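Colleague: In the numbering used here, the protein residues as written are 470 to 831.
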Amino acid sequence: MRRREFFNAACLFSGALLFPFTKLFGKNFLLNDKEKIWTELIDYARWCPSPHNVQPWKMKRVSNKEAHLYYDPLRIPAVVDDRSSFTTVGMGMFIECLDIAARSFGYKVIAEHTPEKQMDASAKKFKLFSKLYLIETNEKVDFDRELIKQRKTSRLQYDGRRIEPSIITALTNISARDGYDFIYSADKELINYSIELNNETVLTRSDEKTTREEMCKWIRTTDKDAEEKKDGLWYRGTGASGKMTHNFFFHHDRFVKGWKRKESLHILNKTMRGTSNLAWITGPFENRNDWINAGTMLQRLWLEMTKYNIYLHPFGTVVTTQKKNSNRKLIMMKARVRCGSWSDWAIAVNHLAVSDLIQKIF
Ligand SMILES: Cc1cc2nc3c(=O)[nH]c(=O)nc-3n(C[C@H](O)[C@H](O)[C@H](O)COP(=O)(O)O)c2cc1C
Numbered sequence: 470m471r472r473r474e475f476f477n478a479a480c481l482f483s484g485a486l487l488f489p490f491t492k493l494f495g496k497n498f499l500l501n502d503k504e505k506i507w508t509e510l511i512d513y514a515r516w517c518p519s520p521h522n523v524q525p526w527k528m529k530r531v532s533n534k535e536a537h538l539y540y541d542p543l544r545i546p547a548v549v550d551d552r553s554s555f556t557t558v559g560m561g562m563f564i565e566c567l568d569i570a571a572r573s574f575g576y577k578v579i580a581e582h583t584p585e586k587q588m589d590a591s592a593k594k595f596k597l598f599s600k601l602y603l604i605e606t607n608e609k610v611d612f613d614r615e616l617i618k619q620r621k622t623s624r625l626q627y628d629g630r631r632i633e634p635s636i637i638t639a640l641t642n643i644s645a646r647d648g649y650d651f652i653y654s655a656d657k658e659l660i661n662y663s664i665e666l667n668n669e670t671v672l673t674r675s676d677e678k679t680t681r682e683e684m685c686k687w688i689r690t691t692d693k694d695a696e697e698k699k700d701g702l703w704y705r706g707t708g709a710s711g712k713m714t715h716n717f718f719f720h721h722d723r724f725v726k727g728w729k730r731k732e733s734l735h736i737l738n739k740t741m742r743g744t745s746n747l748a749w750i751t752g753p754f755e756n757r758n759d760w761i762n763a764g765t766m767l768q769r770l771w772l773e774m775t776k777y778n779i780y781l782h783p784f785g786t787v788v789t790t791q792k793k794n795s796n797r798k799l800i801m802m803k804a805r806v807r808c809g810s811w812s813d814w815a816i817a818v819n820h821l822a823v824s825d826l827i828q829k830i831f
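(1) Verify the contact flag: L737, CB atom, against every heavy atom of ligand 1, threshold strictly below 8 Å.
(2) I'd like the span of the alpha helix (DSSP H) that includes V578, first residue to last.
(3) Give the single residue among V558, D611, R630, E581 whose Cα lies nearest to the Cα of L640.
(4) Are at least three pairs of beta-carbons, each pair with one atom in the stretch 704–715 and one in the stretch 725–744, less than 8 Å apart?
(5) Use the C-beta contact count for T679: other C-beta atoms within 10 angstroms, 16 or more gives buried, fewer gives exposed.
(6) By the 10 Å Cβ neighbour count, where 16 or more other Cβ atoms means buried, how is K413 classified, buried or exposed?
(7) Could you pull out every unbroken alpha helix (DSSP H) segment of at least 4 residues lying fully inside the stretch 525–574, listed in chain order?
(8) What does the Cβ neighbour count give for K529, buried or exposed, with the cut at 16 atoms within 10 Å?
(9) In this structure, how does DSSP classify K621 when only helix, strand and coil are distinguished?
(10) At the level of alpha carbons, what is the spacing between N667 and E581?
(11) In terms of residue numbering, what span does the beta strand (DSSP E) encompassing I779 cover?
(12) Of all the CB atoms in chain B, is at least one closer than 9 Å to the CB of P546?
(13) Expressed to the nearest angstrom, what Euclidean distance is found between the alpha-carbon atoms of P525 and P542?
(14) With 16 as the cutoff for other CB atoms within 10 Å, does K798 come out buried or exposed?
(15) Going by the DSSP bridge assignment, what does E615 pair with across the sheet?
(16) Take R630 as the anchor and find which of K657, N642, E677 has the nearest alpha-carbon.
(17) In the DSSP output, which residue or residues are listed as bridge partners for I604?
(18) If you reduce the DSSP assignment to three classes, tell me which class H820 lands in.
(19) What residue range does the alpha helix (DSSP H) around N738 cover?
(20) Is any non-hydrogen atom of ligand 1 found closer than 8 Å to the C-beta of L702, if you look at the structure I gave you?
(21) Does the distance from the C-beta atom of I564 to that of L538 stay below 9 Å?
(22) In angstroms with no decimal places, state the Cα-to-Cα distance between K699 and E677.
(23) Between which two residues does the beta strand (DSSP E) containing N746 stretch?
(24) Under DSSP, the alpha helix (DSSP H) around I664 begins and ends at which residues?
(25) Who are the Cβ neighbours of N794 in its own chain at under 6 Å, not counting the five residues just before and after it?
(26) Within the continuous beta strand (DSSP E) that includes I652, where are the two ends?
(27) How big is the Cα-Cα spacing for F784 and A695?
(28) Compute the beta-carbon to beta-carbon distance between S522 and G701, rounded to the nearest angstrom, for a pair I have assumed lies under 8 Å.
(29) With a 10 Å radius around its C-beta and 16 neighbouring C-beta atoms as the bar for buried, classify Q619 as buried or exposed.
(30) Grouping DSSP H, G and I as helix and E and B as strand, with all else coil, what is C808?
(31) Report yes if the C-beta of K705 is less than 8 Å from at least one heavy atom of ligand 1; otherwise report no.
(32) Which of the three DSSP states is assigned to R630 in this structure?
(33) Using beta-carbon positions only, say whether A514 and L567 come within less than 9 Å of one another.
(34) Going by DSSP, which residues form a beta bridge with L772?
(35) Closer than 7 Å by C-beta to H820: which residues in its own chain qualify, once you throw out the five before and the five after it? Chain order, please.
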């Protein structure tokens, strides 16, 4: 061996000793194609929506056909979601994303859920949510898995177009499949009422110290913070500037009354402009199974909208605040959505990387 070749080989070898392969190339490098399936499925599911973009999911690959889904207790917004119902909906959505992504490999995902009644935000370590199995199947789903990556929440103004009746029928059928009613309205008065109620609820909840403190954990008021943390609510998706969003949450006393209060309401109202479609979903929502099923349904519904470039803004705060506002007329509503055709205003927020979802458990 020539001197230079020997030197190169020696450097590579010692480099490998200092930096194991997994560090140099990532753990996926060492997996064969079958073993990589879970990594590929997670690469789709990581785009799943969650309340406050908390992304509580963690995955552990057990074998080519089995993986365990955990949640990170520190990522549960326990104040606003006291029963963890909405966070559990998100977990159901995540499983649905894995299932849709798995169909391209000829598999479906079957979940065996733990008997836990609700998620435990006080747990000291990641908690098992379900055991997931890949089962061979010929059953197809109506969703191209790329839709999972295209879907986004839009909190900014819409373009006033109404959703086609044939799409409403498709959405109604998707909800009905899991036992839910999708109720649609284009009534201006009802839309305005709902927007007002949502905005008022958002402001009232922000006035509560514990709610606000929890929100402060998830609000990303600089681009750097959003880029580094890859989770939470990025100010760019809210219609307000980073500075104003920061002040609203971290110096909220300035926003409880006066012109700053009015300005906050004005911004919220501005982002609702052009809303010409409203829908709400009713159905079973009492226990963990219901929440997981609602998640399956909601993910399919959202992907169906994505097929037609229809964007969705869930009005979750109205629902989670119901009990605290017993005079509200919305007791029957389980989830409320704003739908509208997209016009360049949906901001793509960051989502955690595959390695963030698997690294701590592998
Ligand atoms: C169950 C559930 C409830 C949600 N509730 C609200 C809500 O009340 N207000 C809101 O602006 N976004 C809500 N969202 C949207 C999330 O904030 C959004 O999915 C997350 O920030 C990630 O952004 P993306 O959907 O664009 O990927 C909700 C999402 C889920 C899954």
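A virtual CB, placed ideally from N, CA and C, is assigned to each residue, including glycine. The model shown is predicted, which means the values in this text are computed figures rather than measured ones.
Modeller: Inspection of the coordinates gives the following:
(1) For ligand 1, not one heavy atom lies less than 8 Å from the Cβ of L737.
(2) No alpha helix (DSSP H) holds V578; the beta strand (DSSP E) holding it covers 576–582.
(3) D611
(4) yes
(5) exposed
(6) The displayed coordinates of the chain run from 470 to 831. Any statement about residue 413 would go beyond what the structure contains.
(7) Runs found: 554–571.
(8) K529 should be labelled buried.
(9) coil
(10) Straight-line Cα distance between these residues: approximately 36 Å.
(11) 779–783
(12) As a matter of chain content, chain B is missing from the structure shown, which is built from one protein chain.
(13) 7 Å
(14) Only weak support is given to the placement of K798: the predicted model assigns it a pLDDT of 34, under 50, and the value that follows is read from those uncertain coordinates. So K798 counts as exposed.
(15) DSSP output for E615 lists no bridge partner at all.
(16) K657
(17) K577
(18) coil
(19) Counting along the chain, the unbroken alpha helix (DSSP H) around N738 starts and ends at 727–740.
(20) yes
(21) yes
(22) 26 Å
(23) 746–751
(24) 657–676
(25) Reliability of the predicted coordinates at N794 is poor, the pLDDT of 43 falling under 50, and the value obtained from them is presented with this limitation in mind. So no residue of the chain qualifies.
(26) First-last of the beta strand (DSSP E) with I652: 650–654.
(27) Spanning the two alpha carbons is a distance of roughly 23 Å.
(28) Per the sequence shown, the amino acid found at residue 522 is Asn instead of Ser. That pair is a contact at about 5 Å.
(29) exposed
(30) strand
(31) For the sequence presented, residue 705 should be read as Arg rather than Lys. For ligand 1, not one heavy atom lies less than 8 Å from the Cβ of R705.
(32) coil
(33) yes
(34) DSSP, once it has assigned bridges, lists no residue as partnering L772.
(35) R515, W516, Q524, K699
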